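Enquirer: Note that the numbering used here has the sequence shown beginning at 29, numbered continuously upward.
Where is the CB? At the ideal position from N, CA and C, for every residue including glycine.
Computed from a predicted structure; not experimentally measured.
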Amino acid sequence: MLGVGAAITAITLVAAPWWVVAVVATLGIVVPGVILLAQVVLPEDSEHKRDLLMAVLRYLDRRSVRKVEQINAAALRKKRRGQRRGT
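1. Residue 36 and residue 48 - do their beta-carbons sit closer together than 7 angstroms?
2. Determine the DSSP secondary structure at residue 80, reduced to helix, strand or coil.
3. Looking only at C-alpha atoms, which of 65, 32, 44 sits nearest to residue 53?
4. Quick check on DSSP: helix, strand or coil for residue 43?
5. Would you report the Cα separation of residue 101 and residue 95, rounded to the nearest angstrom?
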């Protein structure tokens, strides 16, 4: 695999615009950092991974239910406003 330094050198030699060099350099720094952070944050034990996944799924489910309730309440308020105005 091509290293970040080699990639930056290659795109500089082909006279790429400065922003291309900046994007490649930024990605070369950010992507390995995100990978390392994920390895540190995510647990190694499969039981803990399962618990973490279940917690995330429960959170997303609660959030989606709350969103549906908000949409239904807004529709009901709109309907009631229309009935009061006689439309």
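Expert: This is what the structure gives:
1. No; because the gap between Cβ atoms is not below 7 angstroms, this pair is not in contact.
2. helix
3. 32
4. coil
5. 10 angstroms
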